[in-house]
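Asks: Going by my numbering, the first residue of the sequence shown is number 4, and it counts up by one from there. The beta carbon of each residue, even a glycine, is placed where N, CA and C say it ideally should be. One structure, as structure tokens, below. Some questions next.
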Amino acid sequence: MIEIPSDLNPDLVPLAFLLGNWAGAGVTDFPGAEKANFGQEVSFTHDGRDFIEYRSYTWVLDAEGNKVKPLESESGFWRIDKDRKVEVVMVRDDGVVEVWYGELADKKPQIDLATDAVARTAASGPYTGGKRLYGYVKGDLMWVGEKQTPEVPLRPYMSAQLKKVVTPEEVAAMARNLGDLPDDGIAFFK
């Protein structure tokens, strides 16, 4: 279920499905880099203004699912206009800054983005642009990213499935709103 916080800027209501903390895993594979499974933590937060703040941390996982080393970190700001056009400004730890434009799909929580501008520092690797697709599917946040370099045409390079993370405060709120529950719990299944 998608909840809309009472203090959310009204302009951001179409993006409410993104809000919260998410965690999960995915796969990365791009020529010139090692193919790997990765873990990811993402947060989409708001403070009442007309944007959503975004932060993402990924790390390489070993065969048992343990953290091996950091992979990528990025942060940014998301906005949406009255015509459902989405804009994102993002900075990555590897020295890349991007401006993304796209739109929210009609009648479903899905955002398709493409880079409009890319700026790189001298230390960053080759990168000329990308595309991303985010979607809220059966309570999970799914995404796939594509990228291109001067040597490699646009192709998928990362994708992940993320689950909503419940904080202790959210658990306490749920507990306060449970009402009368059967003592044995079995009554739910009868």
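When the Cα atoms are used, what is the spatial distance from Val30 to Asn12?
Replies: When rounded, the distance between both Cα atoms is 34 angstroms.
Asks: Report yes if the C-beta distance between Gly142 and Lys167 is below 8 angstroms; otherwise report no.
Replies: Result yes, Cβ atoms of Gly142 and Lys167 sit closer than 8 angstroms.
Asks: Strictly by DSSP, which residues pair up with Tyr139?
Replies: According to DSSP, Tyr139 bridges with Leu144.
Asks: Please name the residue, chosen from Leu136, Ala108, Thr124, Gly98, that lies closest to Leu116 on a Cα-to-Cα basis.
Replies: For Leu116, the nearest C-alpha among the options comes from Leu136.
Asks: By how many angstroms is the C-alpha of Asp14 removed from the C-alpha of Arg87?
Replies: One C-alpha to the other measures close to 10 angstroms.
Asks: Give the C-beta separation of Leu64 and Asn40 to the nearest angstrom, bearing in mind that I take them to be a contact with Cβ-Cβ under 8 angstroms.
Replies: 5 angstroms between Cβ atoms; contact.
Asks: Go to Lys160, then tell me how far its beta strand (DSSP E) extends in each direction, as first and last residue.
Replies: For the record, residue 160 in the displayed sequence is Tyr; it is not Lys. Counting along the chain, the beta strand (DSSP E) containing Tyr160 begins and ends at 158-167.
Asks: Taking 7 angstroms as the cut-off, does the CB of Gly27 come closer than this to any heavy atom belonging to the ligand ADP?
Replies: Among the components of this structure there are no ligands whatsoever, and the ligand ADP is therefore not found.
Asks: Sort out for me which residues DSSP pairs Val94 with in a bridge.
Replies: Its beta-bridge partners are Ser78, Val100.
Asks: My understanding is that Gly148 touches Arg123, with C-beta atoms under 8 angstroms, so please give their C-beta distance in whole angstroms.
Replies: Contact doesn't hold; Cβ gap of about 17 angstroms is too wide.
Asks: Hey, Tyr130 and Pro112: beta-carbon distance below 8 angstroms or not?
Replies: Against a cut-off of 8 angstroms, the Cβ pair of Pro112 and Tyr130 comes out as no contact.
Asks: Whole angstroms are fine: how far does the CA of Ser9 sit from the CA of Pro153?
Replies: One C-alpha to the other measures close to 46 angstroms.
Asks: For the beta strand (DSSP E) that contains Glu44, what are its first and last residues?
Replies: Its beta strand (DSSP E) spans residues 39-48.
Asks: Under the three-state reduction of DSSP, which class applies to Asp187: helix, strand or coil?
Replies: For Asp187, the predicted structure reports a pLDDT of 49, less than 50, and the residue's modelled location is therefore unreliable. The matter cannot be settled from this model.
Asks: What would DSSP say about Ala66, mapped onto helix, strand or coil?
Replies: Looking at Ala66 - three-state DSSP - the assignment turns out to be coil, as it is neither helix nor strand.
Asks: Between Glu37 and Ala125, what straight-line distance do the alpha-carbon atoms span, to the nearest angstrom?
Replies: Glu37 and Ala125: Cα-Cα distance of roughly 22 angstroms.
Asks: Taking buried to mean at least 16 other C-beta atoms within 10 Å of its own C-beta, is Thr48 buried or exposed?
Replies: Exposed: under 16 other Cβ atoms inside 10 Å.
Asks: From this set, Gln151, Glu6, Ser78, Val94, which residue's C-alpha is nearest Glu44's C-alpha?
Replies: If we check each option's Cα against that of Glu44, Ser78 comes out closest.
Asks: Enumerate in chain order the residues of its own chain whose CB-to-CB distance from Ile5 is below 8 angstroms, with the five nearest sequence positions on each side excluded.
Replies: Closer than 8 angstroms at Cβ, skipping near neighbours: Ala19, Phe20, Pro112, Tyr139.
Asks: Check this for me: beta carbons of Val121 and Glu101, under 8 angstroms apart or not?
Replies: Result yes, Cβ atoms of Val121 and Glu101 sit closer than 8 angstroms.
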